[in-house]
Amino acid sequence: NAGVTQTPKFQVLKTGQSMTLQCAQDMNHEYMSWYRQDPGMGLRLIHYSVGAGITDQGEVPNGYNVSRSTTEDFPLRLLSAAPSQTSVYFCASRVSGTEGQPQHFGDGTRLSIL
Amino acid sequence: DAKTTQPTSMDCAEGRAANLPCNHSTISGNEYVYWYRQIHSQGPQYIIHGLKNNETNEMASLIITEDRKSSTLILPHATLRDTAVYYCIVRRRANDYKLSFGAGTTVTVRA
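Note that the protein sequences, when read in sequence, are chains A and B. The opening position of the first sequence corresponds to residue 1 in our numbering, with each subsequent residue numbered one higher. The opening position of the second sequence corresponds to residue 115 in our numbering, with each subsequent residue numbered one higher.
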């Protein structure tokens, strides 16, 4: 059982480059979210989705795009990377309908923007 | 969502109980208390959650005061593997897929 899988685990980009962080889950969870964690800080919500075709913004959405074409995948796109986006990115998922269920997190993508 | 306050850090001896406090004095009646932890370089891990009754599972116990303005997470027999950052989060149940993490408490379990 893979759970939540994030790829790549590490990435270095130059300012202005674009890339997509991949997130996939095999638990048939409706809800998926993206967070970023800066050094010494807690996680902050970037975008989230409550099901295929439905996405919404979190606390810090600027500079990021998301889409949800399938239940399993929730990619995060950086259109023009900036040094301020250097961070560790976590994807999470949980079941819908049954409130109070825990979120399951991936192991993160460590992204450096030069 | 109500704001939470946690100590920045605490130490605990291996094999002893670790009691982690959290203050949430502005919590409203429909808000739950959640605890997650993050072991170095890993994604956060759910521990436990509760509304007003004390809760226990295989990982920990959650004690919520009668006025619900504070709570304590108890790790009954701390091991070195429990060294982590522990986050106390208050959230309405309907929104609990959108979690807001603060700085948390860094717990160091010492042999």
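Ideal Cβ positions, reconstructed from N, Cα and C, are used throughout, including at glycine. Bear in mind that the values here come from a model prediction, so they are computed numbers and not experimental data.
(message) If we define contact as Cβ-Cβ less than 8 Å, is G216 (chain B) a contact residue for chain A?
(response) yes
(request) Would you identify the three-state DSSP class for P135 (chain B), choosing helix, strand or coil? (result) strand
(message) Check for me: the beta strand (DSSP E) holding H47 (chain A) runs from which residue to which?
(response) L43 to G51
(message) Once DSSP output is grouped into helix, strand and coil, what is the label at L194 (chain B)?
(response) helix
(message) Within 8 Å of any Cβ in chain A, is that where the Cβ of G157 (chain B) sits?
(response) yes
(request) Can you give me the start and stop residues for the beta strand (DSSP E) that S112 (chain A) sits inside? (result) T109 to I113
(request) Determine the closest residue to Y160 (chain B) out of A:G106, A:M19 and A:V12, with distance taken between C-alpha atoms. (result) A:G106
(request) Please compile the residues from chain A whose C-beta is within a distance smaller than 9 Å of the C-beta of Y200 (chain B). (result) Here the premise fails: no neighbours, minimum Cβ distance about 11 Å.
(request) Quick one: list the residues of chain B neighbouring M41 (chain A), beta-carbon separation under 7 Å, in chain order. (result) A217
(request) Use the C-beta contact count for P158 (chain B): other C-beta atoms within 10 angstroms, 16 or more gives buried, fewer gives exposed. (result) buried
(request) Tell me whether R206 (chain B) sits in a helix, a strand or coil according to DSSP, three-state version. (result) strand
(message) Any contact between the region 123-143 of chain B and the region 76-94 of chain A? By contact I mean 3 or more CB pairs, one from each, below 8 Å.
(response) no
(request) Out of B:Q156, B:V199, B:T197 and B:N168, state which residue places its alpha-carbon closest to the alpha-carbon of S184 (chain B). (result) B:N168
(request) Would you verify that the beta carbon of F74 (chain A) is, or is not, closer than 8 Å to some beta carbon of chain B? (result) no
(message) To the nearest angstrom, how far is the alpha carbon of S175 (chain B) from that of G58 (chain A)?
(response) 30 Å
(message) Looking only at its chain, what residues have a beta carbon closer than 8 Å to the beta carbon of S96 (chain A), apart from the 5 residues adjacent to it on each side?
(response) H29, E30, Y31, V50 and G51
(request) Return the first residue and the last residue of the beta strand (DSSP E) that L187 (chain B) is part of. (result) S184 to L189
(request) Kindly give me the distance between the Cβ atoms of E128 (chain B) and R207 (chain B), rounded to whole angstroms, as I take these residues to be in contact under 8 Å. (result) No, E128 (chain B) and R207 (chain B) are not in contact; Cβ-Cβ is about 35 Å, not under 8 Å.
(request) Taking C-beta pairs closer than 9 Å, name the residues in chain A that L213 (chain B) reaches, listed in chain order. (result) S33, Y35, L43, L45, A92 and Q103
(message) Quick check on D107 (chain A) - is its C-beta less than 8 Å from some C-beta in chain B?
(response) yes
(request) Please state if the CB of K14 (chain A) and the CB of L111 (chain A) are separated by a distance shorter than 8 Å. (result) no
(message) Counting only beta-carbon separations shorter than 8 Å, does G16 (chain A) have a partner in chain B?
(response) no
(message) Can you pull the chain B neighbours of A58 (chain A), defined as C-beta to C-beta under 7 Å?
(response) Note on residue identity: the sequence assigns Gly, not Ala, to residue 58 (chain A). Within chain B, the residues near G58 (chain A) are K212.
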